[in-house]
Amino acid sequence: MVILKKIKASSLNEVLVATTIIVVVFGIAMSILSNLLRNISLRNQYEQNTVLNELMYQYQNKKLNIPYTLSDGKYKVEVVQEKSQTNKWVSFEITSKRTNKKLIKKLIANE
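Quick note, the sequence shown lines up with residues 1 to 111 if you use my numbering.
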């Protein structure tokens with residue numbers, strides 16, 4: 001006849017504490033990952049803002065001919081002049097080819 005040995009088991013309190021610790025650790029890890037992904041997305045918009053600011057600077061210093069279009073590996077850029085009833089606007093538009101995010105800035109046109 002085989003004698004069964006008594007196996008030590010965890011109490012309910014130990015299981016609940018361990019589960020709570022695991023949930024807290026995964027919660028912290030998920031918040032860090034979410035923050036990291038959000039910053040990567042904002043960094044991509046930062047590059048678009050830099051390109052638009054360069055084009056706006058060139059326009060303000062009369063070094064940019066309108067209409068202007070550019071299509072490179074990353075972005076599609078369009079600069080066009082628009083007319084409303086009272087003002088002329090210059091619209092700077094950049095679209096990311098990878099994410100299709102579009103960023104538009106407008107300036108009052110130089111006379």
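In this text, a Cβ means the ideal position worked out from N, Cα and C, and glycines have one as well.
Being a predicted model, the structure only gives us computed values, none of them experimental.
Query                                                                                     : Result
Spatial distance of residue 28 from residue 45 (CA atoms)                                 : 26 Å
Exposed unless 16 or more other CB atoms sit within 10 angstroms - verdict on residue 92  : buried
Coarse secondary structure for residue 81, derived from DSSP in three states              : strand
Reduced DSSP category for residue 104 - H, G, I as helix; E, B as strand; rest coil       : strand
At least 3 beta-carbon pairs within less than 8 Å: the stretch 49-59 vs the stretch 23-39 : no
The beta strand (DSSP E) enclosing residue 95, as first and last residue numbers          : 88-96
Spatially closest choice to residue 84 from 4, 107, 66, by CA coordinates                 : 107
Cβ-Cβ separation, residue 95 to residue 76 (assumed contact under 8 Å), whole Å           : 5 Å
Selection from 71, 20, 88 that minimises the alpha carbon distance to residue 12          : 20
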